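These notes concern the structure reproduced below.
In the numbering used here, the protein residues as written are 29 to 573.
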């Protein structure tokens, strides 16, 4: 006899329906599984045999052929166990097939017939709904996860014996679920921006980065607050929208990191902070069967790399594609897998190996030689630095730096203006943030006034900027204008954006005072003092405003 049921696998972070065909014919007892199964799928037969017998049913002593279609796609994992066992029982006439037609069946079997959870149920259930299916059979531990997909009936199967006897628990169609926002810290425990005293320019840069989801790098000596600032980013970012929440929750489901049996969609933006010993595969994703890496787990959130030069060179260089394309493509002999990777990169680093280059040499002299300094800086390549919008120096401060200043709640109020402007501006464009602007959209939405364009053109030549850096300054200027609730991108917005290219200034030897002098020549106002102390004081005052 013949039976056909539906199961699913995960490719990347998306579900894919698989037809499970079972044919039982007269002949010597044997079981063949075809359709490019991996060892875990071939072992399903042994688990199904033991589960069927322990459920009190008979495993057919005939020639059994199990086909997993499409046959040219590699199948892996244990999610087919329940479908294969059900197909054998239906084909042998021990279980009715009618109620299983047009339903998705997912689950791993134990030898006593219990049904265990498998990763990626959310992605599989979403794919089933897209394909027009209205019912899904899942393990009890995954019933709530599948129920997050509206418009599909979820039936939990605790064991094969209960299912055969008609004692499966049936879940109602998914309804809005009131649960804690996964990823949000407990009330009062969230790191607050006011915890960081002083560093007004660093806070200003943090505000701009959060407003437009721009990549950010803090440079400075040890203990100046670089890491503290970056770890306050989650307290500034808005919660995930519905579509984003489903994307992120699917990624964590596929990775086996779905946070709990009664958890809802993840609403807090991810914040991933891998150790600098992470491998390239751990950062980008990979393996024989490609799995998501840290850049994908940080999708729609923040990837924080502390002590950036300590990461492996190959791992850092592998960030180039996701920072530019907002996805990761991993090629293997079995095929090509694509993972989403739209994230904000936040990083912190010392200026040299000892950490004190460029500071006050009377208090803490730098002990690095010229060769050591060159080797340290070479750990981060120019093309990678070019992809970072804000490169901000965080200097050492005196003890009397005042109170913490703006809180995260006050910062979110200021940021809400920029968020609303971007949401309205890009409602029909398919993007959400200024950092995603490119091509025609960048030319339309970041059009400069004539004096601002002249300033940027001059800095492009004098600082030796790349065209990528030129475009990133435009995006940053657009975000600064949005923070001020301004439609036009003016001269002062561009001037501030250019000052955040610290690595470019270090390479060319230019100081911020030159930018201000150029601004004056273009009609930007009175020049400021070029002394470092007076400039820093002015910068801190501007950041506080």
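A virtual CB, placed ideally from N, CA and C, is assigned to each residue, including glycine. It should be emphasised that the depicted structure is a prediction, and the values quoted were computed from it without experimental measurement.
Status (buried if at least 16 other CB within 10 Å, exposed otherwise) for residue i
{"i": "residue 201", "result": "In this predicted model, residue 201 has a pLDDT of only 34, less than 50, meaning its place in the structure is not dependable; the value taken from the coordinates is given anyway. Residue 201 should be labelled exposed."}
{"i": "residue 43", "result": "buried"}
{"i": "residue 549", "result": "Note on residue 549: pLDDT 45, under 50, position unreliable in the model; the coordinate value appears next. With fewer than 16 other Cβ atoms within 10 Å, it is exposed."}
{"i": "residue 350", "result": "buried"}
{"i": "residue 328", "result": "buried"}
{"i": "residue 154", "result": "buried"}
{"i": "residue 334", "result": "buried"}
{"i": "residue 285", "result": "exposed"}
{"i": "residue 303", "result": "exposed"}
{"i": "residue 193", "result": "exposed"}
{"i": "residue 547", "result": "Below a pLDDT of 50, predicted positions are generally treated as unreliable, and residue 547, at 45, falls in that range; the measurement from the model is reported next regardless. Buried, since its Cβ has 16 or more Cβ neighbours within 10 Å."}
{"i": "residue 140", "result": "exposed"}
{"i": "residue 496", "result": "exposed"}
{"i": "residue 34", "result": "buried"}
{"i": "residue 384", "result": "buried"}
{"i": "residue 109", "result": "buried"}
{"i": "residue 378", "result": "buried"}
{"i": "residue 48", "result": "buried"}
{"i": "residue 160", "result": "exposed"}
{"i": "residue 30", "result": "exposed"}
{"i": "residue 227", "result": "buried"}
Nearest candidate by alpha-carbon position, reference residue i, set the options
{"i": "residue 131", "options": "146, 170, 92, 180", "result": "180"}
{"i": "residue 522", "options": "497, 143, 511, 504", "result": "504"}
{"i": "residue 458", "options": "82, 272, 138, 358", "result": "272"}
{"i": "residue 310", "options": "299, 300, 322", "result": "322"}
{"i": "residue 501", "options": "479, 510, 472, 463", "result": "463"}
{"i": "residue 40", "options": "249, 236, 148", "result": "148"}
{"i": "residue 422", "options": "229, 193, 344", "result": "229"}
{"i": "residue 574", "options": "371, 336, 324", "result": "Because the chain in this structure spans residues 29 to 573, residue 574 falls outside the shown range and cannot be described."}
{"i": "residue 306", "options": "492, 520, 338", "result": "338"}
{"i": "residue 188", "options": "270, 85, 170, 236", "result": "85"}
{"i": "residue 71", "options": "262, 99, 137", "result": "137"}
{"i": "residue 81", "options": "122, 53, 93", "result": "122"}
{"i": "residue 183", "options": "171, 176, 177, 487", "result": "171"}
{"i": "residue 87", "options": "100, 152, 115, 106", "result": "115"}
{"i": "residue 45", "options": "111, 416, 225, 248", "result": "111"}
{"i": "residue 413", "options": "465, 360, 494", "result": "494"}
{"i": "residue 355", "options": "313, 411, 392", "result": "313"}
{"i": "residue 178", "options": "107, 248, 531, 158", "result": "158"}
{"i": "residue 364", "options": "401, 102, 532", "result": "102"}
{"i": "residue 301", "options": "348, 268, 316, 371", "result": "371"}
{"i": "residue 362", "options": "129, 317, 36", "result": "317"}
{"i": "residue 127", "options": "406, 164, 175", "result": "164"}
First and last residue of the uninterrupted beta strand (DSSP E) at residue i
{"i": "residue 487", "result": "Counting along the chain, residue 487 falls outside any beta strand (DSSP E), though it belongs to the alpha helix (DSSP H) covering 478-490."}
{"i": "residue 165", "result": "163-166"}
{"i": "residue 333", "result": "330-334"}
{"i": "residue 225", "result": "Where residue 225 is concerned, there is no enclosing beta strand (DSSP E), given that its DSSP letter is neither H nor E."}
{"i": "residue 469", "result": "Careful: residue 469 lies outside any beta strand (DSSP E), inside the alpha helix (DSSP H) at 467-473."}
{"i": "residue 184", "result": "181-184"}
{"i": "residue 46", "result": "42-53"}
{"i": "residue 245", "result": "244-247"}
{"i": "residue 60", "result": "58-62"}
Extent of the continuous alpha helix (DSSP H) run through residue i
{"i": "residue 152", "result": "149-158"}
{"i": "residue 519", "result": "519-527"}
{"i": "residue 411", "result": "410-414"}
{"i": "residue 32", "result": "Here residue 32 belongs to no alpha helix (DSSP H); instead the beta strand (DSSP E) covers 30-39."}
{"i": "residue 372", "result": "Premise fails: residue 372 lies in the beta strand (DSSP E), 372-377, not in any alpha helix (DSSP H)."}
{"i": "residue 418", "result": "Counting along the chain, residue 418 falls outside any alpha helix (DSSP H), though it belongs to the beta strand (DSSP E) covering 418-421."}
{"i": "residue 456", "result": "Element bounds for residue 456: n/a, residue is neither H nor E."}
{"i": "residue 325", "result": "322-325"}
{"i": "residue 69", "result": "67-70"}
{"i": "residue 253", "result": "Segment: none, residue 253 is in no alpha helix (DSSP H) and carries neither H nor E."}
Whole-number beta carbon distance between residue j and residue i, since they are thought to touch under 8 Å
{"i": "residue 69", "j": "residue 104", "result": "7 Å"}
{"i": "residue 511", "j": "residue 477", "result": "Not really, about 17 Å apart at Cβ, beyond 8 Å."}
{"i": "residue 234", "j": "residue 260", "result": "7 Å"}
{"i": "residue 266", "j": "residue 299", "result": "No, residue 266 and residue 299 are not in contact; Cβ-Cβ is about 14 Å, not under 8 Å."}
{"i": "residue 221", "j": "residue 434", "result": "6 Å"}
{"i": "residue 376", "j": "residue 336", "result": "7 Å"}
{"i": "residue 415", "j": "residue 243", "result": "6 Å"}
{"i": "residue 151", "j": "residue 319", "result": "About 13 Å; that fails the 8 Å criterion."}
{"i": "residue 62", "j": "residue 73", "result": "Wrong, their Cβ atoms sit about 12 Å apart, outside the cutoff."}
Proximity test, residue i beta-carbon vs the ligand GTP heavy atom, cut-off 8 Å
{"i": "residue 488", "result": "This structure lacks the ligand GTP; in fact it carries no ligand of any kind."}
Closer than 9 Å to chain D by CB, residue i
{"i": "residue 245", "result": "Here chain D cannot be found, since the structure has a single protein chain."}
Task: Sequence ranges, alpha helix (DSSP H) only - wholly within the stretch 280-313, length at least 4 - done: 308-312
Open item on the list: What ranges does the beta strand (DSSP E) occupy inside the stretch 77-145, keeping only unbroken runs of at least 3 residues that lie completely in it?
Closed with: 91-97
Open item on the list: Which complete beta strand (DSSP E) runs does the stretch 337-374 hold, if anything under 3 residues is left out?
Closed with: 355-360, 363-368
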